[in-house]
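Okay, so here's the structure we're looking at.
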Amino acid sequence: MDKISKRLFVPLLALVVTLGGCSLAKTTGDALFGPGTSEASLTPRTQTYRDLLNLPKPRGKILAAVYNFRDQTGQYKPSPASSFSTAITQGGASMLMNVLNESGWFIPLEREGLQNLLTERKIIRAGLQKPNVPANNADPLPSLVAANVLLEGGIVAYDSNIRTGGAGARYFGIGAADQYRVDQITVNLRAIDIRSGRVLHSVLTSKTVYSKEITTGVYRFIDFRRLLELETGVTTNEPAQLAALSAMESAVIHLIGEGIIAHSWALENPQDIDNPVLQYYLNESTAIM
Numbered sequence: 018m019d020k021i022s023k024r025l026f027v028p029l030l031a032l033v034v035t036l037g038g039c040s041l042a043k044t045t046g047d048a049l050f051g052p053g054t055s056e057a058s059l060t061p062r063t064q065t066y067r068d069l070l071n072l073p074k075p076r077g078k079i080l081a082a083v084y085n086f087r088d089q090t091g092q093y094k095p096s097p098a099s100s101f102s103t104a105i106t107q108g109g110a111s112m113l114m115n116v117l118n119e120s121g122w123f124i125p126l127e128r129e130g131l132q133n134l135l136t137e138r139k140i141i142r143a144g145l146q147k148p149n150v151p152a153n154n155a156d157p158l159p160s161l162v163a164a165n166v167l168l169e170g171g172i173v174a175y176d177s178n179i180r181t182g183g184a185g186a187r188y189f190g191i192g193a194a195d196q197y198r199v200d201q202i203t204v205n206l207r208a209i210d211i212r213s214g215r216v217l218h219s220v221l222t223s224k225t226v227y228s229k230e231i232t233t234g235v236y237r238f239i240d241f242r243r244l245l246e247l248e249t250g251v252t253t254n255e256p257a258q259l260a261a262l263s264a265m266e267s268a269v270i271h272l273i274g275e276g277i278i279a280h281s282w283a284l285e286n287p288q289d290i291d292n293p294v295l296q297y298y299l300n301e302s303t304a305i306m
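Position 229 of the sequence shown, counted from 1, bears residue number 246 in the working numbering, the numbering being contiguous throughout.
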């Protein structure tokens, strides 16, 4: 190995070692050039989703209506890449309906697209009232099911840069740097008694949005008038919509736990109050108080 090759080998080796240790579960190639295209798949879920599925069974499912679950933050993505695009998903109601359905505690009723539902029912009634259709043979259209509770709330806060930091080092033109940023999403969910309008339970849950950047570089002369310059980097941004979804899952679990303690709804088996998942969330509420 000649003199130039030796000088080139040392910084390249340092660069590869640095990247290999910082790419976490990905290979160096994936971290540098991307994982490539992938097929469509189910949305990845976090630990709160598994907790939601492991809740004990209720004595009876609760009929719940969700009219809207809006973004109340007014936050837009930072300039110059914003293009007036919001930082938070506008599909909060759809996400909440999925969470309620998956919990096994609620029967969510369609209310966000209620006008579309009513239009379709009018079309059915118009068909049943045709002169050529005998009234005795036509099955009457059943009434819509009324809800027991109304679930209201929304995404109430999105705080940017609540914590930032990083570290870096450079020696003889070879260096690496690490930076991170933490944002936070806050969700409010409240259950309202349909008959009295009283707010039965209200919870606030927060979830952080974590972003991380790792960069490495080489900038040094390996020989007279021969400059070696290399730069690589990897950035990981946690999707804000997944953080919002996780906060909703946590809010639903806390709402169920508070309702059990206040006897707003009940467990199928009273001994399930000692369920590890339920106890974890109940203790979390107690610790905050």
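The C-beta atom is built at its ideal place from N, Cα and C for all residues, glycine as well.
*Can you name the residues that DSSP bridges to A193?*
A186, T233
*Residues bridged to H218 by DSSP?*
A208
_From the DSSP secondary-structure annotation, give me the bridge partner or partners of I79._
F123
*asked:* Just to confirm my understanding: we take I209, look at its own chain, exclude 5 residues before and 5 after, and list those with CB closer than 8 Å. What are they?
replied: V166, L167, L168, E169, R215, V216, L217
*Start-to-end residues for the alpha helix (DSSP H) that takes in V269*: 257-278
*Going by C-alpha distance, which of H280, I290, I202, T252 is nearest S177?*
I202
*Alpha carbon to alpha carbon, what distance is there between L113 and Y188?*
51 Å
*What are the boundary residues of the alpha helix (DSSP H) that R243 is part of?*
Segment 243-254 is the beta strand (DSSP E) holding R243; no alpha helix (DSSP H) there.
*Could you tell me if E137 is buried or exposed, where buried requires 16 or more neighbouring beta carbons within 10 angstroms of its beta carbon?*
exposed
*Where T203 falls: helix, strand or coil (DSSP)*: strand
*asked:* Per DSSP, what are the beta-bridge partners of D240 in this structure?
replied: R243
_Less than 7 Å separating the Cβ of I290 from some heavy atom of the ligand FMN?_
Absence of the ligand FMN is noted for the structure shown, with no ligands found whatsoever.
*Report yes if the C-beta distance between L295 and P73 is below 8 Å; otherwise report no.*
yes
_Burial state of V116, where buried means 16 or more other Cβ atoms lie within 10 Å_ = buried
*Is the beta carbon of Y197 sitting closer than 8 Å to the one on G185?*
no
_Coarse secondary structure for N286, derived from DSSP in three states_ = coil
*Through-space distance from L69 to T253, alpha-carbon basis*: 27 Å
*asked:* Given this structure, state the Cα-to-Cα distance separating C39 from G250, to the nearest angstrom.
replied: Reliability fails at C39, whose pLDDT of 47 lies under 50, so the model's placement of it is uncertain and no value is given.
*For V267, I'd like the list of residues in its chain whose CB is within less than 6 Å of its CB, leaving aside the five on either flank, ordered along the chain.*
Contrary to the premise, residue 267 reads as Ser rather than Val in this sequence. Cβ within range, chain order: T65, T222.
*Mapping DSSP to helix, strand and coil, what is C39?*
Because C39 sits at a pLDDT of 47, beneath the cut-off of 50, its placement in the model cannot be relied upon, and the following sentence gives the value as read from the coordinates. If DSSP states are grouped into helix, strand and coil, C39 belongs with the helices.
*Would you identify the three-state DSSP class for L105, choosing helix, strand or coil?*
The sequence given here has Ile at residue 105, not Leu. I105 falls in the coil class under three-state DSSP.
_Rounded C-alpha distance that separates E255 from Y227_ = 5 Å
*Who does D88 pair with in a DSSP beta bridge?*
I172
*Quick one: Cα of A264 to Cα of Y84, how far?*
19 Å
*Leaving aside the five residues before and after L262 along the sequence, list all residues of the same chain whose C-beta is less than 6 Å from its C-beta, in chain order.*
M112
*asked:* I need the boundaries of the alpha helix (DSSP H) containing G130, first residue and last residue.
replied: That residue, G130, is in no alpha helix (DSSP H); it is neither H nor E in DSSP.
*If we count the other Cβ atoms within 10 Å of its Cβ and call it buried at 16 or more, is Y297 buried or exposed?*
exposed
*When you compare each of E246, R142, W122 to S160 by their alpha carbons, which one comes out closest?*
R142
*If we ignore side chains and look at the alpha-carbon of each, how far apart do I231 and L134 end up?*
50 Å
*With D291 as the anchor, note down where its alpha helix (DSSP H) starts and where it stops.*
Where D291 is concerned, there is no enclosing alpha helix (DSSP H), given that its DSSP letter is neither H nor E.
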